[in-house]
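If you're matching positions, the sequence shown starts at 1 in full-length UniProt numbering and goes up one per residue.
Glycine included, every Cβ here is placed at the ideal spot set by N, Cα and C.
Here the structure is a predicted model, which is why all the values come from computation and not from measurement.
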Amino acid sequence: MAPKSKDGDVIFAFNAKWVSYVHTVVAYCAFLGALFVGIWLHYQKIVQNEHYGYPDEWFPSVSATIGDRYPERSVFMVFIAITSGPRFVLVGLWYLLTRRPNTNLPAVIAGVGIFRTLTCGGWTYVTSTDDHNWHDIFMISYLVATVPWTMGCLALSPPNPEAIKWRKRLASLFFGTLVPLIYFFIQHKVHKVAGAYTIYAFFEWALVLFDVAFDAVTALDFGTFELVVKDVKGLSRGDSKTLKDDVKAKNSNQPFVQASTFEGPYYWPAVLDAAADIFSGYVFWSILTSLGVVIWYFPLWHMGLSGFEIFVLAPAATLWLGIPPLRSLVINNIRSVHLLSVVGVLSWLVHDPTYRLLTVAFAVSMGTIAWTATWYAERGNSARLQTRILAWTIGLVLSSIAKFANYSNNPIWPVLHSENGGWNKTGVVLAALSIWRSTRQVSTSGGDYMPAGKQRGSGVLIGLGLGGLFFFMHSLLADSSTMILWVWEGFPVRGPIASPHGAVTIFFMALGLFLGTSTPAFFVTWTAFGIGSVGAALLTYYSHWTGYYGGLALTVYVMGLAQPLISAGAQHNPAKTFGLGFMVYNFLALFHCWVVAYAFVPGGPLVRERTDWIMLTTMIFIGAAVFSVQTADSPYKRKGPTKSTGRTASAYYIHILLALQLLSASIAYLRFPTNDYQPYHKDEKVMTAGIWTTHFSIDNDLWASEYRIRDAIKELEIDVIGLLESDTQRIIMGMRDATQFLAEDMGMYVDYGPGPNKHTWGSALLSKFPIVNSTHHLLPSPVGELAPAIEATLDVYGTLVDVFVFHSGQEEDVEDRRLQSEYMSKIMGATPRPAILLSYLVTKPQQGNYNTYVSEASQMHDIDRSDWDRWCEYILFKDIKRTGYARVSRGTITDTEIQLGKFVIGEPVSYTDERIPEKQVPAGRRFPARFNPPGVREHFYHVLDGGKPRYYA
Numbered sequence: 001m002a003p004k005s006k007d008g009d010v011i012f013a014f015n016a017k018w019v020s021y022v023h024t025v026v027a028y029c030a031f032l033g034a035l036f037v038g039i040w041l042h043y044q045k046i047v048q049n050e051h052y053g054y055p056d057e058w059f060p061s062v063s064a065t066i067g068d069r070y071p072e073r074s075v076f077m078v079f080i081a082i083t084s085g086p087r088f089v090l091v092g093l094w095y096l097l098t099r100r101p102n103t104n105l106p107a108v109i110a111g112v113g114i115f116r117t118l119t120c121g122g123w124t125y126v127t128s129t130d131d132h133n134w135h136d137i138f139m140i141s142y143l144v145a146t147v148p149w150t151m152g153c154l155a156l157s158p159p160n161p162e163a164i165k166w167r168k169r170l171a172s173l174f175f176g177t178l179v180p181l182i183y184f185f186i187q188h189k190v191h192k193v194a195g196a197y198t199i200y201a202f203f204e205w206a207l208v209l210f211d212v213a214f215d216a217v218t219a220l221d222f223g224t225f226e227l228v229v230k231d232v233k234g235l236s237r238g239d240s241k242t243l244k245d246d247v248k249a250k251n252s253n254q255p256f257v258q259a260s261t262f263e264g265p266y267y268w269p270a271v272l273d274a275a276a277d278i279f280s281g282y283v284f285w286s287i288l289t290s291l292g293v294v295i296w297y298f299p300l301w302h303m304g305l306s307g308f309e310i311f312v313l314a315p316a317a318t319l320w321l322g323i324p325p326l327r328s329l330v331i332n333n334i335r336s337v338h339l340l341s342v343v344g345v346l347s348w349l350v351h352d353p354t355y356r357l358l359t360v361a362f363a364v365s366m367g368t369i370a371w372t373a374t375w376y377a378e379r380g381n382s383a384r385l386q387t388r389i390l391a392w393t394i395g396l397v398l399s400s401i402a403k404f405a406n407y408s409n410n411p412i413w414p415v416l417h418s419e420n421g422g423w424n425k426t427g428v429v430l431a432a433l434s435i436w437r438s439t440r441q442v443s444t445s446g447g448d449y450m451p452a453g454k455q456r457g458s459g460v461l462i463g464l465g466l467g468g469l470f471f472f473m474h475s476l477l478a479d480s481s482t483m484i485l486w487v488w489e490g491f492p493v494r495g496p497i498a499s500p501h502g503a504v505t506i507f508f509m510a511l512g513l514f515l516g517t518s519t520p521a522f523f524v525t526w527t528a529f530g531i532g533s534v535g536a537a538l539l540t541y542y543s544h545w546t547g548y549y550g551g552l553a554l555t556v557y558v559m560g561l562a563q564p565l566i567s568a569g570a571q572h573n574p575a576k577t578f579g580l581g582f583m584v585y586n587f588l589a590l591f592h593c594w595v596v597a598y599a600f601v602p603g604g605p606l607v608r609e610r611t612d613w614i615m616l617t618t619m620i621f622i623g624a625a626v627f628s629v630q631t632a633d634s635p636y637k638r639k640g641p642t643k644s645t646g647r648t649a650s651a652y653y654i655h656i657l658l659a660l661q662l663l664s665a666s667i668a669y670l671r672f673p674t675n676d677y678q679p680y681h682k683d684e685k686v687m688t689a690g691i692w693t694t695h696f697s698i699d700n701d702l703w704a705s706e707y708r709i710r711d712a713i714k715e716l717e718i719d720v721i722g723l724l725e726s727d728t729q730r731i732i733m734g735m736r737d738a739t740q741f742l743a744e745d746m747g748m749y750v751d752y753g754p755g756p757n758k759h760t761w762g763s764a765l766l767s768k769f770p771i772v773n774s775t776h777h778l779l780p781s782p783v784g785e786l787a788p789a790i791e792a793t794l795d796v797y798g799t800l801v802d803v804f805v806f807h808s809g810q811e812e813d814v815e816d817r818r819l820q821s822e823y824m825s826k827i828m829g830a831t832p833r834p835a836i837l838l839s840y841l842v843t844k845p846q847q848g849n850y851n852t853y854v855s856e857a858s859q860m861h862d863i864d865r866s867d868w869d870r871w872c873e874y875i876l877f878k879d880i881k882r883t884g885y886a887r888v889s890r891g892t893i894t895d896t897e898i899q900l901g902k903f904v905i906g907e908p909v910s911y912t913d914e915r916i917p918e919k920q921v922p923a924g925r926r927f928p929a930r931f932n933p934p935g936v937r938e939h940f941y942h943v944l945d946g947g948k949p950r951y952y953a
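Listed below in structure tokens is the structure:
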């Protein structure tokens, strides 16, 4: 007779480790079964990708194996459905095993486990063929949830050395596999390397095996559980064979002791406080980074200093805090001062550019005053001061992520609105709510964090260092693509690209913050300063990955230094440290604009092209602050992290920082380039090429113009276009990159051209055709501004065509323009391939330097020699059939028109200007009719023949 418990007869019992065994076996059967069937039935089909097939690629990826083909898809779906049962039980058992008083972490991890299981079903049963967007959403969600699930399981692991050892090993293998996985995926997708996808596939399968194996380790922990089925009413007694007399009883007298790295309860209001604090920091950085864009509008249209540049000094308003009564007034009304800064987000409602600038400058002044006063007021409470600094610095990370998601424009900037990517209304509401909540805790005690009589160091030296810190944070880290463009040298890709590697920059920003919070003493040592200095030198003098690695080292140093340096600054009169710091920041901001704007500013030639001087000066300023902290009685001179019991307030900020990394990784995944772009008229083998000076993507009314530029290029069906005055990676221009949005939205390859450390106004190339190779040129410019050029070889319908994008010097610099014309003539004449020049030449047709560009030496021909009404823009060509030419009005986007040429590949070349009527031109070779006068959005064909394009025999 079966034994009875007090609740009923035990019918069946088994050890919980069998749940793990079943889950592991069935999950492996799902993947490996599909692999076996796929190789058996459809081998060559599943190893085929968009670039190569067998024998170049000889092993299938996971996605190709479990995809749409029958029966392998069905094999996978059946077994993965069976896996769901033990999977839910596994998650539930893990929760029961790890739950304990005073912490919500086990419940959070259990929720993540359930969410991860559901999203697995999502990407399994909704394939990319069924719905590509939802498949990607489920897949990204699953991968993102894997991070907290893995970390949570490690944090909650019972004191079982064997299980902990295997979890650490498998987690390390899983995350370590991601590095080569991404590398070989980029080799396949971007570089199109034969065989790279096969190697990628091995790492992808390894990722699956490690993922399942990580959860299989629960078998070592679940041995403490037994699952029992009881008959509480005796209905099963008719079948005595199912009753077992030897069922093991649970020993409830042996309590389980759980070790954890997360001590103390998790207070969700504290999470909300931290989130509000961080968003307040984001609002500050959004307003500060918008100031330069708004100022830039005025010298842009004045072609020189306008007087409005004085507002660049707005951040130095912190000098007013040197007046004690005013300082007390601000501290006692800190919420009001913070709220006044929100008018910077509201300023998009001010349409007059002058008043919009005044509004933003006022908001920046209020923001710097408010944050400086906040730090100073909290100097008596080191824990609170630490969280305020964390909020401000994580706000920079959030600002960089927001720009990463919005193609380098911040969605709450005053140059955006709902029609061009702005989220201004949402930003205003969230800004007001976050500031209202975060400022309710500000201390006004005025107590000293450092006891009286202690050596505080030099406030002046700390102020110099703060200026360098603020400058590096803004000039290098306010946009995740800035350092990437510093090291960019053209195709083939030999270094990082804006997406996905912008997420890497953001990760190292977060790493620096974490290390600066946990081990602040290290960042005020000369060792750390030396590492930062080496990083700055590598970034300044090297390209590709070497330069970028230096930039990442500098990133970690700068972000880690923020905590100890701002804390040290808070111990002095705020006007002496932060007021001086923002003045130094302003000086460096102007300095790094002067190095490229030297032709338009007083004293410009003295610092012409001296970015290395800027880096050296900034590091010297930071070194001065490190010296001051080293000579002071600073708490940061203690070595190692501070050990604390229970959950500290800063932990909530770090948790949000981790969540932001998951967001950044998701954005990088969604923005990964597809590299499968198609020209508009591939059947006719037509290439439409254009040139446009986009005036730094700011239109005539001070609005960001990327969306309007996109609409014009797309509707004109331009396959290849050169953009001039395109480098906006400076503080005064907002640290932006319009080519990211244009390329990704329109499906085009992009060469940014000479980077921001090359001291030009920029030239960029967008192409529907693959860019096989590109070289950046800085042309001779002994007197005036540097002239950039791109020499790119495109694969146009199987024919290699060279495209040159070039911006010559100003009209005043006669000798510069002569030397530049000779340089361009030489490199154009040297190419044996068909070639097109898309240019800004600053010359009259058939006069002066025109005859050097169009000459026997260059072998180039004018697209239409009879067009006499040109001064700046020209299209030249050789050894390629020209079929059409058009000029399109600029509208209100910029001050320069669009010029277009149509070319056909594979037909005899003619250099005569014999024209034919449009009706004789095949439809696929015509310019879009919608731009016939009156056109659309103020863009229409003009100048030529009463507003008509020209076509040639």
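Sequence-distant residues of its chain with Cβ nearer than 7 Å to residue i (five each side left out)
i	result
Glu162	Leu220
Leu430	Phe279
Trp371	Phe284 and Trp392
Thr883	Lys902, Phe903, Val904, Arg925, Tyr951 and Tyr952
Arg456	Met450, Gln571, His572 and Ala632
Thr119	Phe138, Ser141, Tyr142 and Ala145
Residue i (DSSP reduced to helix, strand or coil)
i	result
Lys165	helix
residue 986	Because residue 986 is not part of the residues shown, which for the chain are 1 to 953, the question remains open.
Ser774	strand
Val805	strand
Asp9	strand
Arg384	helix
Val442	Since pLDDT at Val442 reaches only 47, below the 50 mark, its modelled position is unreliable, and the value read off the structure follows with that caveat. Correct three-state label for Val442: coil.
Gly579	helix
Ile836	strand
Asp795	strand
Residues sharing a beta bridge with residue i, DSSP
i	result
Ala787	Leu779
residue 965	Outside the displayed span of the chain (1 to 953) sits residue 965, for which this structure offers no information.
Asp862	Leu876
Lys768	In DSSP, Lys768 forms no bridge with anything.
Arg887	Gln899
Val229	Phe12
Sequence-distant residues of its chain with Cβ nearer than 8 Å to residue i (five each side left out)
i	result
Val558	Leu469, Phe472, Met473, Leu476, Leu477, Gly512 and Gly532
Arg937	Arg708, Asp711, Ala712 and Gly891
Lys168	Leu154
Own chain residues within Cβ distance below 6 Å of residue i, not counting five before or after
i	result
Gly747	Tyr677
Gly690	Ile718, Ile721, Ile898 and Leu900
Check: residue i C-beta below 6 Å from any heavy atom of the ligand MN
i	result
Ile732	For the structure depicted, the ligand MN is absent and the ligand set is empty, with no information on it obtainable.
Query raised in the report: Can you find at least 3 beta carbon pairs, one from the region 763 to 771 and one from the region 787 to 800, that sit closer than 8 Å?
Result: Counting Cβ pairs under 8 Å, three or more are found: they touch.
Query raised in the report: Between the region 53 to 61 and the region 197 to 213, are three or more C-beta pairs nearer than 8 Å?
Result: Result yes; three or more Cβ-Cβ pairs closer than 8 Å.
Report task. For the region 637 to 701, list the beta strand (DSSP E) runs that are entirely contained and at least 3 residues long, ordered along the chain. Result -> Listed in chain order, they are 686 to 693.
Query raised in the report: Is it a yes or a no for the region 404 to 414 touching the region 305 to 325, going by three-plus beta-carbon pairs under 8 Å?
Result: Of all C-beta pairs linking the region 404 to 414 to the region 305 to 325, fewer than three are shorter than 8 Å, placing the two stretches out of contact.
Query raised in the report: Is it a yes or a no for the region 458 to 467 touching the region 580 to 591, going by three-plus beta-carbon pairs under 8 Å?
Result: Because the criterion of three Cβ pairs below 8 Å is met, the region 458 to 467 and the region 580 to 591 touch.
Query raised in the report: For the UniProt domain "PGAP2IP first transmembrane" (282 to 436), which segments carrying the alpha helix (DSSP H) assignment without a break, of at least 4 residues, lie completely within its bounds, in sequence order?
Result: With a minimum length of 4 residues, the unbroken runs of alpha helix (DSSP H) contained wholly in the UniProt domain "PGAP2IP first transmembrane" (282 to 436) fall at 324 to 332, 334 to 340, 343 to 346, 353 to 377 and 382 to 405.
**Report entry** Stretch-stretch touch, CB-based, cutoff 8 Å, three pairs: the region 396 to 403 with the region 339 to 353
**Finding:** At 8 Å Cβ cutoff, the stretches do not touch.
**Report entry** At least three beta-carbon pairs within less than 8 Å, the region 833 to 850 to the region 860 to 876
**Finding:** Output reads yes: the region 860 to 876 touches the region 833 to 850.
Query raised in the report: Are the region 211 to 220 and the region 22 to 31 in contact at 8 Å, needing three or more beta carbon pairs?
Result: Touching, yes.
**Report entry** Residue ranges of each beta strand (DSSP E) within the region 522 to 555, 3 or longer
**Finding:** You should have found no qualifying run.
**Report entry** Three-pair Cβ contact test at 8 Å for the region 801 to 814 versus the region 777 to 787
**Finding:** Here the region 801 to 814 makes contact with the region 777 to 787; the two share three or more CB pairs at distances below 8 Å.
Report task. Would you check if there are 3 or more beta carbon pairs closer than 8 Å linking the region 29 to 45 to the region 64 to 82? Result -> Two segments are said to touch when three or more pairs of C-beta atoms, one from each, lie closer than 8 Å; by this definition the region 29 to 45 touches the region 64 to 82.
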